[in-house]
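Start counting the sequence shown at 1; every next residue gets the next number (this note's numbering).
Even glycine gets a Cβ: it sits at the ideal position worked out from N, Cα and C.
Accompanying notes for the structure given below.
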Amino acid sequence: MFGIKIPFFWKSKIHPFTLLLLPFSLIYFLLIKFNKFTSIFNSKLKIKIICVGNLYLGGTGKTPLVKKIYDELKKKERCCILKKLREKHYDEIKLLNIGEDLFTPKKRIDGLKDAELKGYKTVVIDDGMQDYSFKKDISILCIKSKTGFGNELVLPSGPLREPLKEIEQYKIAVINGIKNEKINDTLKKYNPDIKIFYSHYEIKNIEEFYNKKFLAFSGIGDNDSFFEILKKNNIEILDTVEFKDHHKFTEKEILKLFDIAKNKNLKLITTDKNYNNIPEKYKKIIYSTSIKLIIDSYNDFLNEIN
Numbered sequence: 001m002f003g004i005k006i007p008f009f010w011k012s013k014i015h016p017f018t019l020l021l022l023p024f025s026l027i028y029f030l031l032i033k034f035n036k037f038t039s040i041f042n043s044k045l046k047i048k049i050i051c052v053g054n055l056y057l058g059g060t061g062k063t064p065l066v067k068k069i070y071d072e073l074k075k076k077e078r079c080c081i082l083k084k085l086r087e088k089h090y091d092e093i094k095l096l097n098i099g100e101d102l103f104t105p106k107k108r109i110d111g112l113k114d115a116e117l118k119g120y121k122t123v124v125i126d127d128g129m130q131d132y133s134f135k136k137d138i139s140i141l142c143i144k145s146k147t148g149f150g151n152e153l154v155l156p157s158g159p160l161r162e163p164l165k166e167i168e169q170y171k172i173a174v175i176n177g178i179k180n181e182k183i184n185d186t187l188k189k190y191n192p193d194i195k196i197f198y199s200h201y202e203i204k205n206i207e208e209f210y211n212k213k214f215l216a217f218s219g220i221g222d223n224d225s226f227f228e229i230l231k232k233n234n235i236e237i238l239d240t241v242e243f244k245d246h247h248k249f250t251e252k253e254i255l256k257l258f259d260i261a262k263n264k265n266l267k268l269i270t271t272d273k274n275y276n277n278i279p280e281k282y283k284k285i286i287y288s289t290s291i292k293l294i295i296d297s298y299n300d301f302l303n304e305i306n
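Structure below.
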């Protein structure tokens, strides 16, 4: 195994590590409050802003949802996607793959002004709820059913980027996975009017993987979720290797994976996101999944974002 897993103490409010880090969480909390206080001077633009964000640090499925919303809205109006430029996030930028409709500014507010100037009617922002430099028209909260809100504490004692009270700023919550009444109750506690939808993933190119045995490797926010999807679809996974989110694979690492797979007579499979970070010459001999996001009560969801 390479990389790290989510800290185990993020599931408990009384773990010694959780308690030890509480003073740092208090400092983090005060910084959040200061940033929100200074946001009284933020910008309200003419372009409609749909912001897809999360509270739980790490992979919650923002990018696939952003792409799905964009694909739907572009049918009737000029729509674009905005994702803040971070060098290690090039894998997600490649995954979006929408050409000139993708804005990747260093500052989100600059990208929003640019999109407005170019005549776009709506922008879908991939991760920006903690950016208070602009006002959002619709805010969508992404949640993993399996992890929920962890121990419900802010970083570093817990996994939350903001306190649960911030749920009140979201119009919609999209929960990926099985129904979770605890999450539903928490959402309604802090925001009685929030609209809750559930989603799941389907593998579009599943026929490619039948009658084969694989070593699956992954470097996303929640590696276990990828392995679970494969197994749920009866893809035979005999070994797994994990990397950090957004990991850029070296030739040495890929060759090591091939060695492990060869010794067990396995083929290699990874996510479509990680596939973008593999050296080009190895892409033809590594399998990757093509994932489709399915939202339950989809027409109702569309009514909420229109």
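Nearest-angstrom beta carbon gap, residue j and residue i [assumed within contact, 8 angstroms]
i, j, result
"Phe134", "Leu112", "6 angstroms"
"Thr271", "Ile220", "6 angstroms"
"Ile235", "Phe214", "7 angstroms"
"Asp126", "Thr63", "6 angstroms"
"Tyr56", "Leu164", "That belief does not hold up - the Cβ atoms of Tyr56 and Leu164 are roughly 11 angstroms apart, past 8 angstroms."
"Phe227", "Ala216", "6 angstroms"
"Ile175", "Tyr198", "5 angstroms"
"Phe149", "Thr186", "6 angstroms"
"Lys121", "Glu77", "4 angstroms"
C-beta contact flag for residue i and residue j at 8 angstroms
i, j, result
"Ile32", "Ile138", "no"
"Asp222", "Lys144", "yes"
"Glu168", "Ile294", "no"
"Lys188", "Ile49", "no"
"Lys212", "Ile194", "no"
"Val124", "Ile47", "no"
"Ser12", "Val154", "no"
Residue i, enclosing beta strand (DSSP E) - first and last residue
i, result
"Lys231", "Where Lys231 is concerned, there is no enclosing beta strand (DSSP E), although the alpha helix (DSSP H) it sits in stretches over 223-232."
"Leu293", "291-295"
"Glu87", "Run containing Glu87: none; DSSP gives neither H nor E here."
"Glu242", "236-242"
Top-ranked residue by Cα proximity to residue i, from the options
i, options, result
"Lys307", "Phe249, Leu26, Ser290, Glu181", "Only positions 1 to 306 of the chain appear in the structure, and residue 307 is not among them; the question remains open."
"Leu22", "Ile81, Asn303, Pro156", "Pro156"
"Cys51", "Leu57, Arg78, Lys74, Leu82", "Leu82"
"Pro279", "Ala261, Phe301, Thr250", "Thr250"
"Asn263", "Leu238, Glu242, His247, Leu85", "Leu238"
"Leu255", "Tyr90, Tyr282, Tyr190", "Tyr282"
Residue i - containing alpha helix (DSSP H), residue span
i, result
"Phe301", "298-305"
"Phe17", "16-20"
"Leu266", "Neither: Leu266 is in no alpha helix (DSSP H) and is coded neither H nor E."
Residue i beta carbon near the ligand NAD (any heavy atom closer than 7 angstroms)
i, result
"Val124", "The ligand content of the structure shown is nil, which means the ligand NAD is not present either."
Could you pull out every unbroken beta strand (DSSP E) segment of at least 3 residues lying fully inside the region 95-140, listed in chain order? 122-126
Can you list the beta strand (DSSP E) stretches of 3 or more residues lying completely in the region 37-81, in chain order? 48-53
List in chain order: all unbroken beta strand (DSSP E) runs of 3+ residues lying wholly within the region 151-226. 172-176, 195-203, 213-218
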